[in-house]
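**Q**
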Amino acid sequence: MKVREAMKARIMTTIISLLLVFSYSEVRGVDWIYIGTINNDSIYYDRESISHPDINIVKFWEKIDRSDMHKFVSLNEINCERKTHRILSATQYNETGMAIGRGKLKGPVSADTGWEDIIPGSVRDRYYSIFCK
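Quick note: the sequence shown uses our numbering, first residue 907, plus one each step.
#1: Using the rule of at least 16 other Cβ atoms within 10 Å of the residue's Cβ for burial, across every protein chain shown, is I1006 buried or exposed?
#2: What number of angstroms, rounded off, separates the C-alpha of S898 from the C-alpha of I949?
#3: Rounded to the nearest angstrom, how far is the Cβ of S957 from that of K965, given a contact under 8 angstroms?
#4: So, helix, strand or coil for R972, using DSSP?
#5: Where C986 and I1024 are concerned, what is the direct C-alpha to C-alpha distance, given to the nearest angstrom?
#6: Quick check: the Cα distance between G1020 and I993, rounded to an integer number of angstroms?
#7: With DSSP collapsed to three states, give me the class of S957.
#8: Out of C1038, G942, D937 and T997, state which residue places its alpha-carbon closest to the alpha-carbon of R1008.
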């Protein structure tokens, strides 16, 4: 019986250690740049994630630290030519960092799927002015 408990303790220690290593490596290399606060929620984008899958498209990761200690991280695209945006995927984390919700753009992602106009004065408009100079 004691051998079984010792084995369980070792397994749990290994799992916790791996989780700590993976969560640390996920944060390393991310360069979150503060873009503003809306309704007490702080909004950031990851400078290192910025890419251009198409000549007019900018793809980047966004993080929203909510005042209730939850966090949202989403993969976004902005079409600089059309002044539109879309969210490709999003994950919500609770106050301990555990993922509690995920979502992706429904259906196959094509050049015309899920785009919405950028509202003047919005956070997306700030991204547009930064990325689409």
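Virtual Cβ for every residue (Gly too), placed ideally from N, Cα, C.
**A** Let's see:
#1: exposed
#2: Residue 898 falls outside the range modelled here, since the chain spans only 907 to 1039, and no answer is possible.
#3: 5 angstroms
#4: coil
#5: 10 angstroms
#6: 8 angstroms
#7: strand
#8: T997
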